[in-house]
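Down below is the structure, laid out as C-alpha cells.
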Amino acid sequence: MSHVVRRRPDGRLILLLGALAACGPLSTDMYLPSLPSIALAFGVTSAVAQSTLTSFMAGFSVGMLLYGPLSDAYGRRPILLGGIALFTLSSIACVFSFSIGSLVLVRFLQALGAGAASVLSRAIARDAHEPSDAARVLSMVAIVTAVGPLLAPLIGGQLLLLGSWRVVFMALTLFGACCAVTAYLRVPETWPREKRANSAVLQSFTAYGRLLRDPLVWGHLLCGGMAFASMFTYISATPFVYIDYFHVSPQHYGFFFGLNVFGIIAGNFLNTRFVGRVGQLRIISFAATISCIASLFVALVCITGWGGLWSIVVGLFFVVGVVGVLSANCTTDLMHRYPHNAGAAAAVFGAVQLALGALASVVVGLWHDTSPLGMGVTIGSAGVLCYVGRLLILRWHDRPVR
11 MSHVVRRRPD GRLILLLGAL AACGPLSTDM YLPSLPSIAL AFGVTSAVAQ
61 STLTSFMAGF SVGMLLYGPL SDAYGRRPIL LGGIALFTLS SIACVFSFSI
111 GSLVLVRFLQ ALGAGAASVL SRAIARDAHE PSDAARVLSM VAIVTAVGPL
161 LAPLIGGQLL LLGSWRVVFM ALTLFGACCA VTAYLRVPET WPREKRANSA
211 VLQSFTAYGR LLRDPLVWGH LLCGGMAFAS MFTYISATPF VYIDYFHVSP
261 QHYGFFFGLN VFGIIAGNFL NTRFVGRVGQ LRIISFAATI SCIASLFVAL
311 VCITGWGGLW SIVVGLFFVV GVVGVLSANC TTDLMHRYPH NAGAAAAVFG
361 AVQLALGALA SVVVGLWHDT SPLGMGVTIG SAGVLCYVGR LLILRWHDRP
411 VR
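So the sequence shown is numbered by our numbering: it starts at 11 and just counts up by one.
Here's what the structure looks like:
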C-alpha cells in the first residue's frame, strides 16, 4: 500500500513547486510590455489586444477545473506532466501565430496546460506537508513564484529590443521545456492510490457540487477571487495606463511592475512568520480589510486624478501586496476543510479566481481608452466584494461541513 511521507518544509521541493507554478504568471507578465506592440502589429485596438490576456485566463480556469478532480482520481504526477507538455507545445504555436484570432486561440491552449502546474503545485504542497505547515509552505511557494513575475516584465521589455513580440514566446517555450524536464526528473507522486476516489473520475468531479453548496467556500472564493480580480485589472490596464497615458517607456514599465511584485513577496514573507502564531482566520480578515481600503483609495485617485501616477502606484502596492496572503490562506483553509477532495478544492478556488480575473479584464476593456478611470472603478468594486467575502468567512467558518 502506497503512502505519503509527511515532512517538514523542504526548501528544494518549495523551490521546484514555485518554479512550476510560475508558468502561468510568467505567461502573462513577460508579454505585458508587448501588448501595445501586438495591437500595432495586427492593426487592432488595445481592447482586442487585451483579449489575448482574457483568453489565457479563461483557459487557465478551465484547465484548473479539469486537473483538480483528474489528479484526485489518477494521481498528481501524470496530470502535471501532461499539462506542462501542452504548455510548451502551445508556446511554440504562439511564436508562429499569423493573426490576432490565432494568437487568442493558442493562448487559451497555453493556459490550459499552465493550469496544471498552478493547481497541482498547491495540492502537492498540501499532500507532502503537515497541515500546520501547509499555509507556510504555500506562502513560501508564492514567494518563489513571485520572483519570476518580478523579473518577467523587465525581461519582456528588454526582449523587445532584440526583436518582435514573438521573441517573448520563444523565451516561454524554453522555460516550459525546462519545467517539463525538471518535473519529470524531480516531482514525486504525492497522492497514494488508496486515496484516489476509487479511480472514478466522475466521483471526483461531483465534489464540485458539494463544495459550491458550502457558504464558507463562497466566502473564500469572493475574498481571494476578488482580490485577484483587482490585481488582474492592474495587470490588464497598466500597460496602457502607464505606457500610453503616463508615457512610461516599455523598458521602465518593468520597474513599476516590480514594485508590486515586491509587495507580494513581502506580504507572503510576513504570512510565513505570523500565520502559525495568529492563525489563518485573523490573517484573512486583516488582509481583506487592507485590500478593500487600498482598492477604494486607488478608485478615488483614478477618478479624481489626485496625486497622479505615484498615488496610483502607492495604492496598487497594497492592493497587490495582500493577494498572495489571501490566496495562500484561503486555499489552505479550503483544502483542510475537504481533505479527501483537496485537488478539487484547490481547483475550484483557482478556477474561480482566474475566471474573476478574466471578467475584470473584460470589464476594464469596456472603457476603450487608456485613461485610469476604468481601472479605478473596476478595482474599487472588486475591493468591496472582497470585503463581502471576508464577512461570509467570519460568519460560517466554525460551522461543520454539511
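Note that CB positions come from ideal geometry on N, CA and C, so glycine has one too. This structure is a prediction, so every number in the text was calculated from the model and none was measured.
Looking at ALA135, LEU306, THR38 and VAL58, the one whose alpha-carbon comes closest to that of LEU23 is ALA135. Within 10 angstroms of the beta-carbon of CYS188 lie fewer than 16 other beta-carbons, which makes it exposed. ARG117 and ALA124 have their C-alpha atoms some 10 Å from each other. For ARG203, there is no enclosing alpha helix (DSSP H), since its DSSP letter is neither H nor E.
With contacts defined as CB atoms closer than 8 Å, ALA355 and MET74 fail to qualify as a contacting pair.
If you draw a 10 Å sphere on the C-beta of THR282, you find 16 or more other C-beta atoms in it, and that means buried.
Exposed is the label assigned to LEU184, since fewer than 16 other Cβ atoms lie within 10 Å of its Cβ. For ILE48 and VAL362, the gap between their C-alpha atoms comes out near 28 Å. Excluding sequence positions up to five before and after VAL177, its CB lies within less than 8 Å of the CB of LEU169 and LEU170, all in the same chain and listed in chain order. Assigned with DSSP and collapsed to three states, LEU310 falls in helix. In the structure shown, the three-state DSSP call for TRP406 is helix. Separation of GLY399 and SER337 (C-alpha to C-alpha, rounded to the nearest whole angstrom) is 13 Å. For TRP228, the uninterrupted alpha helix (DSSP H) segment begins and ends at 225-250. Separation of the CB atoms of ALA31 and LEU45 is rounded to 23 Å, and the pair is thereby denied contact status at 8 Å. Put simply, of VAL72, SER112, ALA51 and GLY92 the residue whose alpha carbon is nearest the alpha carbon of THR62 is SER112. Under the DSSP assignment, ALA68 falls in the alpha helix (DSSP H) whose first and last residues are 56-84. Closest option to ASP343, judged by alpha-carbon separation, among CYS312, LEU226, ILE253 and SER81: LEU226. DSSP places ALA32 in no alpha helix (DSSP H); its state is neither H nor E.
For THR282, the three-state secondary structure derived from DSSP is helix. If the five residues before and after GLY167 are omitted, its C-beta is found closer than 7 Å to the C-beta atoms of PRO43, PRO260, GLN261, TYR263 and GLY264, all from its own chain and listed in chain order. C-alpha of SER81 to C-alpha of GLY353: approximately 7 Å in a straight line. The C-alpha of MET180 is placed about 11 Å away from the C-alpha of SER174. Within the same chain, ILE89, GLY93, GLY125, ALA126, VAL129, LEU130 and ALA357 come within 7 Å of TYR77 by CB-CB distance, once the 5 residues on both sides are set aside.
Here SER381 carries a coil assignment [DSSP, helix/strand/coil].
Inter-residue distance for LEU402 and GLY219 is about 19 Å (C-alpha atoms, whole angstroms). Judged by DSSP in its simplified three-state form, SER47 adopts helix. DSSP places PHE359 in the uninterrupted alpha helix (DSSP H) bounded by 352-375. Excluding its 5 nearest sequence neighbours in each direction, ALA193 has C-beta neighbours in its own chain below 7 Å: LEU30, LEU90, LEU91 and ILE94, listed in chain order. In the DSSP assignment, TYR348 falls outside any alpha helix (DSSP H) and carries neither an H nor an E. The straight-line gap separating the alpha-carbon atoms of THR388 and THR243 is approximately 7 Å.
Counting only the Cα atoms, LEU119 lies some 6 Å from GLY69.
Exclusion of the five residues before and after PHE52 leaves ILE110 as the residues of its chain whose Cβ lies within less than 6 Å of its Cβ. Under the three-state reduction of DSSP output, TRP175 falls in the coil class, being neither helix nor strand.
By the C-beta criterion, the segment 195-205 is judged not to be in contact with the segment 282-301, since fewer than 3 inter-stretch pairs fall below 8 Å. Boundaries of the alpha helix (DSSP H) around TYR218: 217-222. Judged by their CB atoms, ALA392 and SER240 are nearer to each other than the 8 Å cut-off.
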